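Letter 8 of the sequence shown, counting from 1, is numbered 8 in the UniProt record's numbering, and no numbers are missing. Idealized CB from N, CA, C, for every residue including glycine. As the structure is a prediction and not an experimental result, all values here were calculated from the model.
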Amino acid sequence: MAGAAAARQRILDRGVAVASVEGLRGLSIGRLAAEVGMSKAGLIGPFGSKEMLQLSILERGGELIAEIMLEPAAAAPPGRARLQALTEGWIRYISAEPEHFPGGCLFTTATFEYDALDGPVHDAVVDGMNRWRAYLVEATREAAELGELPDGADPDQLAFELMGLFTGFNMSVHLFHDPDAVARLRQGVGRLLGT
1 MAGAAAARQR
11 ILDRGVAVAS
21 VEGLRGLSIG
31 RLAAEVGMSK
41 AGLIGPFGSK
51 EMLQLSILER
61 GGELIAEIML
71 EPAAAAPPGR
81 ARLQALTEGW
91 IRYISAEPEH
101 FPGGCLFTTA
111 TFEYDALDGP
121 VHDAVVDGMN
131 RWRAYLVEAT
141 REAAELGELP
151 DGADPDQLAF
161 ELMGLFTGFN
171 MSVHLFHDPD
181 AVARLRQGVG
191 RLLGT
């Protein structure tokens, strides 16, 4: 059983990395099997179908994102400090995790792939993005309640703008290879938070 669990983990971790670059739809069972040293049947067997593999990859990606970004941010005090911790976590996730996410944000890639499609993978992507958006909204509302946002700031609008900055940062790092991307993100978040 331990060997099967370890093999499944190896498949998912490599699947996350490949999907962050090539997308979930572009994920080749043959390539993934070769990379983890298994047959195609041996790779797909624990999942039953490519769709179940894709869903499992999204789930594993969410676990890794929580470890890299959300858990450290949750340890920060609520308010502006937590929003800044989320920013630093996003920077780690996007630019310092080449082993897990060499292509950047797995969910951003999946969003562009599945935004106009129906089905379980689409629904899982929507669910993951809704949880991320809800986390940002909660963090901005906490900051507003603590009086740590600029006067007149709308927490929901701020969460929307933060999400845009974070998505733009992903593009700046992985598409444009902008050496100033980290500084630009920190400057943009600082302006929104009034720091």
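Span of the alpha helix (DSSP H), counted from its first residue to its last, around residue i
i, result
"Glu59", "Lys50 to Ile65"
"Ile91", "Arg80 to Ser95"
"Phe47", "It is not in any alpha helix (DSSP H) - Phe47 carries neither H nor E in the DSSP assignment."
"Pro72", "Glu71 to Ala75"
"Ala110", "Leu106 to Tyr114"
Residue i, buried or exposed, once every other Cβ within 10 Å from all chains shown has been counted against 16
i, result
"Thr108", "buried"
"Gly37", "exposed"
"Arg92", "exposed"
"Gln9", "exposed"
"Phe112", "exposed"
"Ala110", "buried"
Helix, strand or coil at residue i according to DSSP, with G and I counted as helix
i, result
"Ala143", "helix"
"Asp151", "coil"
"Arg25", "coil"
"Thr195", "coil"
"Gly128", "helix"
"residue 197", "Here the chain covers residues 1 to 195 and nothing more, so residue 197 does not appear."
"Met171", "helix"
"Met163", "helix"
"residue 252", "This structure leaves residue 252 out entirely; the chain is present only between 1 and 195."
"His100", "coil"
Spatially closest choice to residue i from the options, by CA coordinates
i, options, result
"Pro46", "Gly23, Ala74, Ala6 and Ile65", "Ala6"
"His177", "Gly104, Ala19 and Ala85", "Gly104"
"Ala181", "Leu192, Gly194, Thr167 and Leu193", "Thr167"
"Gly61", "Pro77, Leu53, Asp13 and Val21", "Asp13"
"Ser172", "Asn130, Val137 and Leu185", "Leu185"
"Ile68", "Trp90, Gly164 and Leu83", "Trp90"
"residue 224", "Glu63, Thr111 and Trp132", "The requested residue 224 does not occur in the structure, where the chain is confined to residues 1 to 195."
"Val16", "Ser39, Pro72, Gly48 and Ile65", "Ile65"
Rounded separation between residue i and residue j - CA only
i, j, result
"Val18", "Leu32", "8 Å"
"Thr87", "Val189", "8 Å"
"Leu43", "Gln187", "44 Å"
"Glu148", "Ala183", "22 Å"
"Gly25", "Val126", "First, the residue type needs correcting, since residue 25 is Arg and not Gly in the sequence shown. Straight-line Cα distance between these residues: approximately 16 Å."
"Ala41", "Ile94", "32 Å"
"Gly194", "Ala34", "50 Å"
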